[in-house]
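S.K.: Sending over a structure as structure tokens; questions will come in a sec.
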Amino acid sequence: MENFLQNLPKIELHAHLHGSLCITSIRELGLLLHGDKTPKFLELSKKLIGFDKTDNLKKCFHRFTFMHELTASSKGLELATELVIRDFARDNVIYLELRSTPRPFADMSRRDYLKVLVETIESAQKAHNIVVKLLISIDRSQPVEVAEEIVTLAEEIKKEYPNIVKGLDLSGDPFQGTFQSLQPLLKKAKDAHLSLALHCAEIDTAKETQEMLDFGFQRCGHGTFLKEEQLQQCVKQNITIECCLTSNVKCGTVKSYDSHHFPNIFRNTQCRVVLCSDDCGIFDSTLTQEFLKGHEFYQLSKDDIQRLSMNAIEASFADDQEKTSIKQTVYWALTDCFSKLALSLAPINAKTFLNCSKTPPPSNAFSQLIPVYLKSMLLV
Numbered sequence: 003m004e005n006f007l008q009n010l011p012k013i014e015l016h017a018h019l020h021g022s023l024c025i026t027s028i029r030e031l032g033l034l035l036h037g038d039k040t041p042k043f044l045e046l047s048k049k050l051i052g053f054d055k056t057d058n059l060k061k062c063f064h065r066f067t068f069m070h071e072l073t074a075s076s077k078g079l080e081l082a083t084e085l086v087i088r089d090f091a092r093d094n095v096i097y098l099e100l101r102s103t104p105r106p107f108a109d110m111s112r113r114d115y116l117k118v119l120v121e122t123i124e125s126a127q128k129a130h131n132i133v134v135k136l137l138i139s140i141d142r143s144q145p146v147e148v149a150e151e152i153v154t155l156a157e158e159i160k161k162e163y164p165n166i167v168k169g170l171d172l173s174g175d176p177f178q179g180t181f182q183s184l185q186p187l188l189k190k191a192k193d194a195h196l197s198l199a200l201h202c203a204e205i206d207t208a209k210e211t212q213e214m215l216d217f218g219f220q221r222c223g224h225g226t227f228l229k230e231e232q233l234q235q236c237v238k239q240n241i242t243i244e245c246c247l248t249s250n251v252k253c254g255t256v257k258s259y260d261s262h263h264f265p266n267i268f269r270n271t272q273c274r275v276v277l278c279s280d281d282c283g284i285f286d287s288t289l290t291q292e293f294l295k296g297h298e299f300y301q302l303s304k305d306d307i308q309r310l311s312m313n314a315i316e317a318s319f320a321d322d323q324e325k326t327s328i329k330q331t332v333y334w335a336l337t338d339c340f341s342k343l344a345l346s347l348a349p350i351n352a353k354t355f356l357n358c359s360k361t362p363p364p365s366n367a368f369s370q371l372i373p374v375y376l377k378s379m380l381l382v
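Numbering (this note's numbering), first residue to last: 3 to 382.
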């Protein structure tokens with residue numbers, strides 16, 4: 003299963019830029035920025051000691067603070083974005099939606115920050131053969147005036163780069179700020195046709211969760227504490243739930259993988275749900291490893307993996323043409339697994355199997371391919 007998942011083209015919908023640099027890439031970034039054995043690089047190395055000990059939500063945000071310090075220049079931001087995209091491509095992610103909050107630094111404004119991101123995405127996706135979109139994040143812990151500026155910038159940048167800037171993410175420390183104070187701005191964004199992916203029910207705040215669901219949005223980040231009736235509301239409103247297994251366990255919002263909300267939503271409701279990495283660098287994971295955990299703890303089958311992959315494509319903010327292309331790529335990667343097996347065991351008739359027409363993928367591709375393979379064996 004591990005080789006199968008590693009080779010599977012994957013779709014990542016919930017990835018924060020500053021949380022997605024692994025330790026190796028952070029060191030590489032530090033080296034590129036400061037040079038080996040310089041005082042700045044040695045200081046960075048000391049800060050990295052014990053960096054893997056993240057076991058609650060507060061420590062997670064402490065690590066974000068460190069990453070913001072490291073990318074507090076246009077060069078640092080450019081390099082970090084390039085490295086993150088490269089790392090996802092190495093994990094065979096073919097479609098990625100990155101999230102980042104624009105921050106002003108000494109050499110750049112929030113607008114400059116977004117321009118650096120977009121221009122780096124344009125070059126990096128070509129270099130690494132990956133489709134990358136940007137969700138501009140609002141940090142709920144910051145003043146409403148900052149959020150107002152970000153929404154205005156998002157509207158403007160989307161007009162300039164409509165194929166890259168797709169929407170807004172609402173994130174940040176869920177213990178700070180309120181959805182209610184940001185709702186008018188999010189309504190403005192919705193009216194401007196910006197898609198919305200909101201961190202919702204990440205902690206147990208039932209009243210605010212209900213306010214968010216009643217407001218309406220496309221994707222729910224985490225959804226850890228959604229009540230049964232709220233899950234039904236997600237079904238009715240076609241809201242996709244982004245589940246992040248390792249993130250929730252390491253942050254302590256769920257006690258263990260066994261008690262995670264994902265299997266109940268996936269098996270027992272009609273909600274569309276996807277698996278995501280959230281902050282794969284901070285939590286020392288990859289999207290491949292998230293699927294592996296799904297297989298280990300919840301016995302996800304290959305048909306389940308395909309269903310989750312197709313869910314992710316449908317829930318993505320890609321356009322229809324891109325979705326069709328990504329579906330075909332994933333489907334024929336799945337088909338190829340059986341093709342190689344058939345060729346090794348039935349070399350004559352399996353060639354016909356390899357040359358089957360590229361029709362749109364059925365909903366249960368694996369189940370349908372097995373009889374085809376068996377038939378080829380019987381004809382040998």
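Just so you know, even glycine gets a beta-carbon here, dropped at the ideal spot from N, CA and C. This one's a predicted model, so the numbers in the text were calculated from it and none came from an experiment.
Under 9 Å, do L188 and F219 count as touching if we go by C-beta distance?
M.R.: Yes. Within cutoff.
S.K.: Count the other CB atoms, across all protein chains shown, that sit within 10 Å of the CB of T40; report buried if there are 16 or more and exposed otherwise.
M.R.: Per the 10 Å Cβ criterion, exposed.
S.K.: Rounded to the nearest angstrom, how far is the Cβ of Q212 from that of N94, given a contact under 8 Å?
M.R.: 38 Å between Cβ atoms; not a contact.
S.K.: Quick check on E204: does DSSP put it in helix, strand or coil?
M.R.: Three-state DSSP puts E204 in coil, outside helix and strand.
S.K.: Mind checking whether Y97 and V133 have CB atoms under 9 Å apart?
M.R.: Result yes, Cβ atoms of Y97 and V133 sit closer than 9 Å.
S.K.: Just how far apart, CA to CA, sit F10 and I307?
M.R.: According to the sequence as given, residue 10 is Leu; it is not Phe. Cα to Cα, the separation comes out at about 10 Å.
S.K.: Please classify N250 as buried or exposed, where buried requires at least 16 other C-beta atoms within 10 Å of its C-beta.
M.R.: With 16 or more Cβ atoms within 10 Å of its Cβ, N250 is classed as buried.
S.K.: How would you call I13, buried or exposed, if buried means at least 16 neighbouring beta carbons within 10 angstroms?
M.R.: By the neighbour-count rule (16 or more Cβ atoms within 10 Å), I13 is buried.
S.K.: Between which residues of its own chain and D109 is the CB-CB distance below 7 Å, once the five residues before and five after are set aside?
M.R.: Around D109: S75, S76.
S.K.: Using DSSP with H/G/I as helix, E/B as strand and the rest coil, what is A199?
M.R.: Strand, per DSSP.
S.K.: Can you tell me whether V237 is buried or exposed, with buried defined as 16 or more other CB within 10 angstroms of its CB?
M.R.: The residue in question, V237, is exposed, as its Cβ has fewer than 16 Cβ neighbours within 10 Å.
S.K.: Is the CB-CB distance between I166 and E124 below 9 Å?
M.R.: Closer than 9 Å, so yes.
S.K.: Measuring alpha carbon to alpha carbon, tell me which residue in K209, G21, A314, K161 is nearest H195.
M.R.: Among K209, G21, A314, K161, the Cα nearest to that of H195 is on K161.
S.K.: Measuring alpha carbon to alpha carbon, tell me which residue in E45, L100, M3 is nearest L23.
M.R.: Comparing Cα-Cα distances from L23 to each of E45, L100, M3, the minimum goes to L100.
S.K.: Using a threshold of 9 Å, state whether the C-beta atoms of V153 and L170 are closer than that.
M.R.: In this structure, L170 lies closer than 9 Å to V153 by Cβ.
S.K.: Helix, strand or coil: how does DSSP classify Y163 here?
M.R.: The answer is coil: DSSP assigns Y163 none of H, G, I, E or B.
S.K.: Count the C-beta pairs between the stretch 173-187 and the stretch 225-244 that are closer than 8 Å, then say yes if the count reaches three, no if not.
M.R.: Taking 8 Å as the limit for Cβ pairs, the verdict is that the stretch 225-244 does not touch the stretch 173-187.
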